[in-house]
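Numbering (numbering that gives the first Met the number 0), first residue to last: 0 to 201. The beta carbon of each residue, even a glycine, is placed where N, CA and C say it ideally should be. In what follows, a structure is listed as structure tokens, so that the remarks can point back to it.
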Amino acid sequence: MIEELLAHLSGLTPIVIYVLLFTFAYIENLFPPSPSDIVIVIGGTLIGTNYLHFVPTLIFATGGSIAGFLTAFGIGWLLDKKLIHSGKLKFINIQTIEKAEAAFRKWGYYLIIANRFLPGTRAVISFFGGMSRLDIHKTMFLSSISSLLWNIVLIYLGILFGKNVALVDKYLNTYSNIVITLTAIVILLLVINYFIKRKKSN
0 MIEELLAHLS GLTPIVIYVL LFTFAYIENL FPPSPSDIVI VIGGTLIGTN YLHFVPTLIF
60 ATGGSIAGFL TAFGIGWLLD KKLIHSGKLK FINIQTIEKA EAAFRKWGYY LIIANRFLPG
120 TRAVISFFGG MSRLDIHKTM FLSSISSLLW NIVLIYLGIL FGKNVALVDK YLNTYSNIVI
180 TLTAIVILLL VINYFIKRKK SN
């Protein structure tokens with residue numbers, strides 16, 4: 000499948016590939032999972048064959064990542080204001096949400112800078128960043144740095160491994176599974192800690 004995707008993209012004009020890089024990177028922030036990472040790696044492979052150029056590949060991929068992040072951030076911002084804090088969703092405990100938002104405001108910027116390196120959590124981080132009302136300028140700066148660094152890594156993997164994209168895909172999937180597993184463990188521990196503290200307070 001990866002080889003077929005590489006062959007298909009190789010048959011397109013460079014400008015179409017740049018647009019696809021932007022589109023896949025954008026969509027991933029809204030409708031995960033998306034194969035944006037491996038598409039960017041393929042972009043790196045095509046740089047290695049001199050079919051694409053490094054700078055526009057990086058710009059389009061990073062631009063899509065930032066635009067998608069800010070869209071999810073904006074949705075979180077609007078949803079928090081219109082639904083959650085308006086009291087329209089009766090089944091949601093506003094005090095619990097406010098505590099979660101306060102915690103995210105404390106640690107959120109660290110998550111933003113690590114965002115692109117945390118597959119499986121990117122959409123969640125950007126969404127909760129908006130809900131927590133993180134500073135838009137600082138958030139945009141940090142998300143841009145995160146996207147830029149991650150995309151440089153992906154592009155250089157494509158250049159380094161050439162047409163052996165399937166091997167890179169295998170490594171990325173392994174990395175993603177490790178990150179998702181560790182994230183799930185951390186969340187589980189936080190939930191357990193929350194209920195223990197709640198039980199003690201009662």
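Per DSSP, what kind of secondary structure is residue i in: helix, strand or coil?
i	result
Lys162	coil
Ser131	coil
Phe90	Annotation note: pLDDT 48 at Phe90 (below 50); position unreliable, no value reported.
Tyr170	helix
Ile14	helix
Leu156	helix
Leu189	helix
Leu110	helix
Gly119	coil
Ser33	coil
Asn176	helix
His136	helix
Asn28	coil
Lys196	helix
Ala183	helix
Could you spell out where the alpha helix (DSSP H) holding residue i opens and where it closes?
i	result
His7	Ile1 to Ser9
Asp79	Here Asp79 belongs to no alpha helix (DSSP H), and DSSP marks it neither H nor E.
Thr48	Run containing Thr48: none; DSSP gives neither H nor E here.
Is the beta carbon of residue i sitting closer than 8 angstroms to the one on residue j?
i	j	result
Ile39	Ala60	yes
Phe127	Trp149	no
Met139	Asp79	no
Arg104	Leu57	no
Asn114	Ser145	yes
Gly63	Tyr25	yes
Thr70	Val164	no
Phe53	Ile154	yes
Ile1	Leu51	no
Ser125	Phe68	yes
Leu159	Ile111	no
Ile186	Gly119	no
Between residue i and residue j, which are expected to be in contact by the criterion C-beta below 8 angstroms, what is the C-beta distance as a whole number of angstroms?
i	j	result
Gly42	Gly157	6 angstroms
Ile121	Glu27	Per the sequence presented here, residue 121 reads as Arg, with Ile not at that position. About 7 angstroms separates the two Cβ atoms, so the contact holds.
Ile37	Leu171	7 angstroms
Pro34	Phe23	7 angstroms
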